[in-house]
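One structure is given below, encoded as structure tokens.
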Amino acid sequence: MLQLSQATENQTTPPNLQSDFIAAAKHTHQELSRQNDLSPANDKVNRCLSDFVNAVLNFSVEQDAAKVLETEEIQNLRPELLSYLSRAEFEMETYFAKIFAQMPVIEEKDLDLFWYKQCYQDLVDAEIEQLDTLDISPDAEIAFVGSGPLPLTAIEYYLQTGNKMTCFDTDAEAVRLSRQMIQNMGLSDVIEVRHQAGEDADYSQFDVVMVASLVKDKEKTLDRIRTTAPDAKVAVRSVEGVKAMLYEVVNKDDFEAHSLKYAGSTKDDPATINTTLFFRPA
Numbered sequence: 000m001l002q003l004s005q006a007t008e009n010q011t012t013p014p015n016l017q018s019d020f021i022a023a024a025k026h027t028h029q030e031l032s033r034q035n036d037l038s039p040a041n042d043k044v045n046r047c048l049s050d051f052v053n054a055v056l057n058f059s060v061e062q063d064a065a066k067v068l069e070t071e072e073i074q075n076l077r078p079e080l081l082s083y084l085s086r087a088e089f090e091m092e093t094y095f096a097k098i099f100a101q102m103p104v105i106e107e108k109d110l111d112l113f114w115y116k117q118c119y120q121d122l123v124d125a126e127i128e129q130l131d132t133l134d135i136s137p138d139a140e141i142a143f144v145g146s147g148p149l150p151l152t153a154i155e156y157y158l159q160t161g162n163k164m165t166c167f168d169t170d171a172e173a174v175r176l177s178r179q180m181i182q183n184m185g186l187s188d189v190i191e192v193r194h195q196a197g198e199d200a201d202y203s204q205f206d207v208v209m210v211a212s213l214v215k216d217k218e219k220t221l222d223r224i225r226t227t228a229p230d231a232k233v234a235v236r237s238v239e240g241v242k243a244m245l246y247e248v249v250n251k252d253d254f255e256a257h258s259l260k261y262a263g264s265t266k267d268d269p270a271t272i273n274t275t276l277f278f279r280p281a
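Numbering of the sequence shown is given in numbering that gives the first Met the number 0, commencing with residue 0 and proceeding in unit increments.
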């Protein structure tokens, strides 16, 4: 960590940096609200999202993140902006999932076609490193709730660890595309995709349950995990600081209230955006 000098250690975010960020958030919200197509087929959306993610990542004075997030302008637009961003992410994954689903055979190198493949891989690398500290058995079965149409997390986990994966998603088209992609990779025997909501699933066979950032009702999913798999470790993807403009922040207290003990997290890293929190039964 860089050491701040005595002269600068009490500096706060320059007013123009804060106002510029708020302006970028307003512009992104306005631009996305005007678009019917939030997929990568829309160049306006691509530019808008790229610029905003860069604005978030460049806002590096984390001690003032809370101050920015608490401004009236951000408070007013953030819920709807998160909804647009969630939809845009789903559309992006669907766009690439359709490309992969049309390939008769998918080789591992073909996954590089996805723009953010390295981001997924870096996050999974960090998660596996953290899981290694939780005494997970080599033959552990892992569930991933909210896997979406592009099951890269499950694929990366299997390729790196050999652990069997089971994905859960509520969207029928996402499930169809995921199954096709997994079949085209020849991984149907080791990666299963179930059309089921997280709050309805039976997790009794799983040693680890992972919950995606975009899963909306994490509380009900957590209740179901604790009911059906009380000994399972739980991991949930969250964000830190001003990255709360991209995803909802997970409150550790909500998990600890369900007799789960916080067991560490991946490091906050611009290369991955998400930070994954890990819990073990108390």
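Built from N, CA and C at the ideal position, the CB exists for glycine as well.
The DSSP-derived three-state label of Phe205 is coil. Beta-bridge partners of Arg193 (DSSP): Phe167.
Counting C-beta atoms within 10 angstroms of its own C-beta, Val235 has 16 or more neighbours from the protein chains shown and is therefore classed as buried.
Within the DSSP secondary-structure output, Phe95 pairs in no beta bridge.
For Lys260, the enclosing beta strand (DSSP E) starts and ends at Leu259 to Ser264. Three or more Cβ pairs closer than 8 Å define a contact, and the stretch 143-163 falls short of that threshold against the stretch 65-82. Lys242 is classed as buried because its beta carbon has at least 16 other beta carbons within 10 Å across all chains shown.
The Cβ atoms of Val238 and Val208 do not sit closer than 7 Å to each other.
Beta-carbon to beta-carbon, Ala231 and Phe254 are separated by about 12 Å, too far to satisfy the 8 Å threshold. Gly240 is positioned such that its CB atom lies no closer than 7 Å to that of Thr220.
Shown here, Lys215 sits in coil according to DSSP, grouped into three states, outside any helix or strand.
Residue environment analysis places Ala22 among the exposed positions, since fewer than 16 neighbouring C-beta atoms fall within 10 angstroms of its C-beta.
Sorting Asn273, Phe277 and Asp267 by C-alpha distance to the C-alpha of Asp252 places Phe277 at the top. A distance below 7 Å between beta-carbons, with the five flanking residues on each side excluded, links Ala139 to the following residues of its chain, in chain order: Asn162, Asp206 and Val207.
Along the length of the stretch 28-67, whole alpha helix (DSSP H) runs at least 4 residues long occupy 42-57, reported in chain order.
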